[in-house]
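One structure below.
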Ligand code: SF4
């Protein structure tokens, strides 16, 4: 049976209670684990626990059920993407963003503060919401994370940087995993993490029934709503889940939330060229939000890893949108600086390639041959090479499909346009070689070596 994480609060609390051990001994275990990243299964060195706690911890719990698979640093060293492998082999991502709050000015004065790190955290493997502009949404939903798996992301990140802020804006819809979210935040705000709830932001597409109870369950956390459109029609077009949460009802829920919490609400708004970025949309949004105290965050769309027709709004449209919200409606409006684009950690680009049997094309010794990594490490190698769709990092897929695996372990793939990539696979489990030429035609003259995702239909994963 799989062991539970010591940060899985309901499990450890219940086991301690059953064994007659006071639950006040849980926090010291967490503190020890946090301070000793190398502790594995043996809890014998945790000081001053009741005798019965040691065998119980050893037999039923792990200090960490997940492992840090890799850390990728952005070119500017500001962003680190953590790829975390869960106990069942699934992967999630968490991103550490470092910044200095003293940079820039606020109200004409230097900003207070200093260097700090924000951790962007995942709450699910994949996501049910299926937002059309989001790479995670294109993965489909795999499963919820436990509270322990959520907290373990913080533990892994804490060994890389001092985390001061948490944003639940990674993979998944946090309010769709409500119980684990609440438990995880309670752990994070208690000993030994002791993060201020005011430094924790929960981002949601607007799951109304969960918004209605959030204030009671997690007072003082920040609420960010991924609105992304000023009217229900456009919202439904780009966020299918919005059908279940009509905009009028969502706005009513936000009004009540704000009345009770007395906190401003953050509104996330992704800027999609020709979809939601025109003057009329800015006015519609301004009117919609007039009765609330909000900060609107305009997010330039980042097409990495997504196969769709959305384009990023141009700078002029983004600035015009901002000035309408500010000038006509007095709404504080910021434009999000994209961080970590080079490592696919920017918003809406979260995607666990390994989880999706991804291939990374890397430069090899020859110009003609590119080794494709990782396939042999995923689920059985080439045998799975059928019925997939290929996307490149610019979201220009689908690029082609393999109807069935070829004979003798050979798989070929032809591009939808007829001239594109061919992939060769010698024997199952062996690394694949892609001869090509392949990727070059996909890039439309742009530079940079792409990631390529092979996306299998949901039922095959
Ligand atoms: S934007 Fe958020 S809610 Fe929508 S699919 Fe992506 S992860 Fe899920």
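Residue numbers (the UniProt record's numbering): 1 to 461.
Idealized CB from N, CA, C, for every residue including glycine.
DSSP lists no beta-bridge partner residue for residue 236.
Counted as a single uninterrupted DSSP element, the beta strand (DSSP E) harbouring residue 143 occupies residues 141-144. Short note on residue 188: C-beta not closer than 7 Å to any heavy atom of the ligand SF4. Within 7 Å of the C-beta of residue 97 there is not a single heavy atom belonging to the ligand SF4. DSSP places residue 222 inside the beta strand (DSSP E), whose first and last residues are 222-226. Cβ neighbours of residue 224 within its own chain (closer than 6 Å, five residues either side excluded): 201, 203, 266, 268.
The way I'd put it, the stretch 27-35 doesn't touch the stretch 77-96; fewer than three beta-carbon pairs between them come closer than 8 Å. In the three-state scheme derived from DSSP, where H, G and I count as helix and E and B as strand, residue 192 is classed as coil. Here the residues close to the ligand SF4, judged by CB distance below 5 Å to any of its heavy atoms, are 127, 129, 131, 134, 136, 137, 173, 205 in chain order. A distance below 6 Å between beta-carbons, with the five flanking residues on each side excluded, links residue 146 to the following residues of its chain, in chain order: 8, 180. Between the stretch 181-192 and the stretch 225-233 there are fewer than three C-beta pairs closer than 8 Å, too few to call the two in contact. For residue 276, there is no enclosing alpha helix (DSSP H), since its DSSP letter is neither H nor E. In terms of Cβ geometry, residue 196 and residue 163 do not form a close pair [threshold 8 Å]. DSSP places residue 320 within a helical segment (H, G or I) once states are collapsed to three. Residue 15 has its alpha-carbon roughly 55 Å from the corresponding atom of residue 315. For residue 74, the number of other beta carbons within 10 angstroms of its own is at least 16, and it is reported as buried. Judged by DSSP secondary structure, residue 10 falls within the alpha helix (DSSP H) whose first and last residues are 9-18.
When secondary structure is reduced to three states using DSSP, residue 58 falls in the helix class. Here residue 136 is buried, its C-beta having at least 16 other C-beta atoms within 10 Å.
Within the same chain, no residue comes within 7 Å of residue 259 by CB-CB distance, once the 5 residues on both sides are set aside. A direct Cα-to-Cα measurement between residue 125 and residue 176 gives close to 12 Å. If you compare the alpha carbons of 221, 18, 254 with that of residue 207, the shortest gap goes to 254. Under the criterion of beta carbons closer than 8 Å, residue 238 and residue 298 do not qualify as touching, at roughly 15 Å. Within the model, the alpha-carbon separation for residue 261 versus residue 215 is close to 6 Å. DSSP places residue 124 inside the beta strand (DSSP E), whose first and last residues are 124-126. Residue state for residue 216 is assigned as helix, using DSSP reduced to three classes.
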